[in-house]
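Undergrad: Counting from 851, one number per residue, gives the positions in the sequence shown under my numbering.
Every residue, glycine too, gets a C-beta built ideally from N, C-alpha and C.
Because the structure is a prediction, the values reported are computed rather than measured.
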Amino acid sequence: MTQMTIPVAQMTIPVAQMTMSMAQMTNSMAEMTISMARITFSVVRVTISMVQMTIGTVQNGHFYGSNDHFDGPQGIDTAETIGGCMTWSRKTVRSGYVLSGG
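Shown next, in the form of structure tokens:
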């Protein structure tokens with residue numbers, strides 16, 4: 851009986867070490883999950899801000915004509931394709947003159 855007790859006791863230490871390693875891994879995974887949740891929350895906040903800006907743009911003006919022209923309260927926006935990307939520039943029309951705007 852004594853001969854069997856020694857190997858079992860010797861095996862207990864590696865099992866305890868393995869249990870500690872698994873607990874550390876679980877803790878690391880929990881920290882990673884929290885970090886991912888924070889990133890997701892940040893992305894959601896950015897998306898909400900973008901939606902609010904879009905709603906504000908639609909409420910403050912109206913689309914007409916074509917997809918590359920927007921007539922809003924700040925003037926006329928025109929879209930230009932540069933390198934495959936759509937960019938917007940604003941021109942304010944007053945008394946027949948086109949003034950550069952911000």
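If we ignore side chains and look at the alpha-carbon of each, how far apart do S899 and S892 end up?
TA: The residue labelled residue 899 in the question sits at position 49 within the sequence shown. The residue labelled residue 892 in the question sits at position 42 within the sequence shown. Near 11 Å, if we compare the C-alpha coordinates of S892 and S899.
Undergrad: What separation, rounded to the nearest whole angstrom, lies between the Cα atoms of M886 and T855?
TA: Here the question's residue 886 lines up with position 36 in the sequence shown. Here the question's residue 855 lines up with position 5 in the sequence shown. Going from the Cα of M886 to the Cα of T855 covers about 46 Å.
Undergrad: Rounding to the nearest angstrom, what Cα-Cα distance links I889 and Q874 in this structure?
TA: One-based indexing of the sequence shown puts residue 889 at position 39. One-based indexing of the sequence shown puts residue 874 at position 24. Spanning the two alpha carbons is a distance of roughly 23 Å.
Undergrad: Give the straight-line distance between the Cα atoms of P864 and S871, rounded to the nearest whole angstrom.
TA: Numbered from its first residue, the sequence shown carries residue 864 at position 14. Numbered from its first residue, the sequence shown carries residue 871 at position 21. If you take the alpha carbons of P864 and S871, they lie about 10 Å apart.
Undergrad: If you draw a straight line from the C-alpha of T904 to the C-alpha of T897, how long is it?
TA: Residue 904 sits at position 54 when you count from the first residue of the sequence shown. Residue 897 sits at position 47 when you count from the first residue of the sequence shown. Looking at the two C-alpha atoms, the distance is approximately 10 Å.
Undergrad: Express the C-alpha separation of T876 and M882 in angstroms, rounding to a whole number.
TA: The sequence position of residue 882 within the sequence shown is 32, counting from 1. The sequence position of residue 876 within the sequence shown is 26, counting from 1. Taking the straight line from one Cα to the other gives about 10 Å.
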